[in-house]
Amino acid sequence: MFFQKDVETMKRKDIEALQLEKLRHMVDYCYRNVPFYTKKLDEAHVTADKIKSLSDIKYIPPTTKADLRDNYPFGMFAVPMSDIVRIHASSGTTGKPTVVGYTKNDLDMWSDCVARLAVAAGATKEDIVQISFGYGMFTGALGLHCGLEKIGCAVVPNSSGNTEKALMFMRDFKTTALVATPSYALYMAETAKKLEYPMSDYHLRLGLFGSEGCTPEMRTQIEKGWGLFATDNYGMSELIGPGVSGECTERCGLHINEDHFLVEVVDPETLEPVDEGEDGELIVTPLSKEAFPLLRYRTRDISNVIYEPCKCGRTFARMEKIKGRSDDMLKIRGVNVFPSQIESVLVGMKNVSPHYQLIVRREGFADTLEVQVELSDNSLLESFGMIQDLQNSIKHNLHTVLGIQCKVSIVEPMTIERFVGKAKRVIDLRHEKD
Ligand code: DLL
2 MFFQKDVETM
12 KRKDIEALQL
22 EKLRHMVDYC
32 YRNVPFYTKK
42 LDEAHVTADK
52 IKSLSDIKYI
62 PPTTKADLRD
72 NYPFGMFAVP
82 MSDIVRIHAS
92 SGTTGKPTVV
102 GYTKNDLDMW
112 SDCVARLAVA
122 AGATKEDIVQ
132 ISFGYGMFTG
142 ALGLHCGLEK
152 IGCAVVPNSS
162 GNTEKALMFM
172 RDFKTTALVA
182 TPSYALYMAE
192 TAKKLEYPMS
202 DYHLRLGLFG
212 SEGCTPEMRT
222 QIEKGWGLFA
232 TDNYGMSELI
242 GPGVSGECTE
252 RCGLHINEDH
262 FLVEVVDPET
272 LEPVDEGEDG
282 ELIVTPLSKE
292 AFPLLRYRTR
302 DISNVIYEPC
312 KCGRTFARME
322 KIKGRSDDML
332 KIRGVNVFPS
342 QIESVLVGMK
352 NVSPHYQLIV
362 RREGFADTLE
372 VQVELSDNSL
382 LESFGMIQDL
392 QNSIKHNLHT
402 VLGIQCKVSI
412 VEPMTIERFV
422 GKAKRVIDLR
432 HEKD
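The end of the sequence shown is residue 435 by the working numbering, with every number in the run present.
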């Protein structure tokens with residue numbers, strides 16, 4: 002099944018010709034409408050005319066998350082606010098989030114992208130789909146919501162949290178498809194078991210999961226727990242949100258919506274392209290966005306891309322599941338967390354030293370984050386009340402910046418390991434075998 006078969010089965014040479022035409026347009030569009038790009042392209046002596054083939058994209062300097070931070074909140078928008086119809090945000094590397102905007106056409110293109118991938122995964126207009134991503138500034142929930150409505154699914158905007166109520170709707174509505182992070186889907190299955198309704202009261206047949214990685218073992222557990230077929234979906238707020246790529250029913254890679262996204266795979270150190278099929282960092286150029294265009298965005302996500310057509314009939318290139326990051330970003334309960342965000346909270350506080358450690362664990366099916374913070378001075382150890390107050394205010398400030406609750410442990414001065422070279426701030430215990 003296809004949502005837009007003519008596009009999804011284009012010949013490779015036609016895809017490439019379309020990408021080249023759109024890339025040239027984008028370079029010109031960015032140059033004319035975003036002062037940041039006017040300057041950047043002038044400095045690099047790049048105009049649309051210099052882009053004669055897709056490989057000439059190498060002349061365009063990449064854009065990074067730091068560029069977005071420097072232009073917070075709307076400095077990279079290419080249209081006046083009167084043309085913006087939606088604003089979302091995702092984690093920045095410091096206290097300020099990364100802000101993204103959409104025009105009406107952008108929303109339309111976004112929902113087409115999501116609809117294509119959902120249909121490729123097996124969704125139909127007969128499906129009742131429960132969305133268990135958190136609604137709000139996160140692109141996941143509304144992105145899937147609009148795409149699934151476009152197919153004609155009955156969308157249940159249940160959001161995340163209050164799992165028992167979500168399960169009640171699932172039973173009573175005979176929900177057939179679930180949208181969630183894989184870890185939440187697993188947690189929901191576990192909670193469903195505890196509630197002691199027979200699993201035959203649930204009718205899930207399809208899971209559209211994403212926003213975080215999922216091991217094959219975890220996928221099998223989710224599929225067995227629910228008796229559904231699960232697909233992986235990839236995207237990123239800066240690029241659009243969900244809808245960049247996703248698995249079809251063949252599940253042999255995630256089809257990239259190549260008419261709207263041009264993907265390069267490069268060595269993260271040299272930024273030189275790697276050989277076809279080899280792992281590298283994905284650099285993505287959205288080809289159709291109006292409100293918030295980007296040229297060569299460094300995603301920091303590691304994967305590889307293959308171009309052979311898929312058994313499903315789609316010709317769009319496929320990327321493998323995300324294998325890691327070329328920076329230190331963590332995904333915790335579906336939320337992006339940068340150690341630098343935590344640092345930005347701690348440096349602003351009295352009585353704590355600049356040494357800290359982050360410990361990520363998987364407890365049951367949920368990820369937890371413990372932030373160990375070192376007191377700056379031994380004399381502070383004598384005041385229990387002060388330590389408690391400090392702990393509470395760190396917790397509060399971290400929640401404000403990160404958007405998730407974390408455990409804060411105050412430790413004695415000089416107990417956190419010191420490093421001669423690059424500090425190893427994160428201890429990720431999630432994939433340790435018990
Ligand atoms: O997570 C968009 C999304 C929502 C995708 C719902 C799929 C489903 P951000 O919050 O900006 O956007 O986080 C983007 O999450 O750079 C990856 O590191 C990671 N990520 C997203 N999807 C996957 C996935 C959304 N399927 C960042 N597997 C990206 C592994 C993923 N990591």
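Think of the CB as a built atom: it goes at the ideal place given N, C-alpha and C, for glycine as much as any other residue.
For E371, three-class secondary structure by DSSP: strand
Residue nearest to V47 in terms of C-alpha spacing, selected from V245, T65, F366, H26: H26
Proximity below 9 Å, CB of A79 to CB of E291: yes
Limits of the unbroken beta strand (DSSP E) element including L399: Premise fails: L399 lies in the alpha helix (DSSP H), 385-403, not in any beta strand (DSSP E).
As assigned by DSSP and simplified to three states, the class of S160: coil
Distance cut-off 8 Å: K332 Cβ against heavy atoms of the ligand DLL: yes
Contact test: G144 Cβ vs the ligand DLL heavy atom, cutoff 8 Å: yes
Sub-9 Å separation of G325 and V306 beta-carbons: no
Contact test: G236 Cβ vs the ligand DLL heavy atom, cutoff 8 Å: Checking every heavy atom of the ligand DLL against the Cβ of G236, one is found closer than 8 Å.
Closer than 8 Å: P243 CB and nearest the ligand DLL heavy atom: yes
CA-to-CA distance, M350 to I388, given in whole angstroms: C-alpha separation (whole angstroms): 13 Å.
Where V86 falls, given that 16 or more other Cβ within 10 Å makes a residue buried: exposed
heavy atom of the ligand DLL below 8 Å from K290 C-beta: no
Stretch-stretch touch, CB-based, cutoff 8 Å, three pairs: the segment 118-132 with the segment 231-246: yes
Host beta strand (DSSP E) of V267 (start-end): 262-267
Option in D57, V412, L331, R315 with minimal Cα separation from R301: L331
Proximity to I343 [Cα-Cα], best of G281, A116, G404: Nearest to I343 by alpha-carbon distance, out of G281, A116, G404, is G404.
Cβ pair count under 8 Å reaching 3, the segment 139-152 against the segment 87-94: yes
Neighbourhood of K12 by C-beta, 6 Å cutoff - its chain only, sequence neighbours within 5 removed: Nothing listed; no residue qualifies.
C154: CB within 8 Å of a non-hydrogen atom of the ligand DLL: no
Spatial distance of L69 from V421 (CA atoms): 31 Å
Of the residues T192, L196, E165, N159, the one placed nearest A178, counting alpha carbons only: N159
Anticipated Cβ contact below 8 Å, E1 with Q20, distance rounded: Lying outside 2 to 435, the shown extent of the chain, residue 1 is not represented and no answer is given.
Start and end residues, beta strand (DSSP E) containing G144: From DSSP, G144 is part of no beta strand (DSSP E) but of the alpha helix (DSSP H) over 140-152.
Neighbourhood of C147 by C-beta, 8 Å cutoff - its chain only, sequence neighbours within 5 removed: Cβ within range, chain order: L108, W111, S112, V115.
Burial state of G242 (16 or more Cβ within 10 Å): buried
CB of I223 within 9 Å of CB of G208, strictly: Yes, these two residues count as a Cβ contact at 9 Å.
Heavy atom of the ligand DLL within 8 Å of K6 beta-carbon: no
L196 versus L187 - alpha carbon distance: 14 Å
Beta carbon of H261 nearer than 9 Å to that of P287: yes
Secondary structure, alpha helix (DSSP H): runs of 4+ residues fully inside the segment 197-225: Inside the segment 197-225, DSSP marks no whole alpha helix (DSSP H) run of 4 or more residues.
For V156, the nearest candidate out of S133, Y136, I129 (CA to CA): I129
Alpha carbon of E191 to alpha carbon of I61, nearest angstrom: 48 Å
Three-state class that DSSP yields for E17 in the structure shown: helix
Cβ neighbour criterion (16 or more within 10 Å) applied to A45: exposed
Residue nearest to H400 in terms of C-alpha spacing, selected from I333, L263, S56: I333
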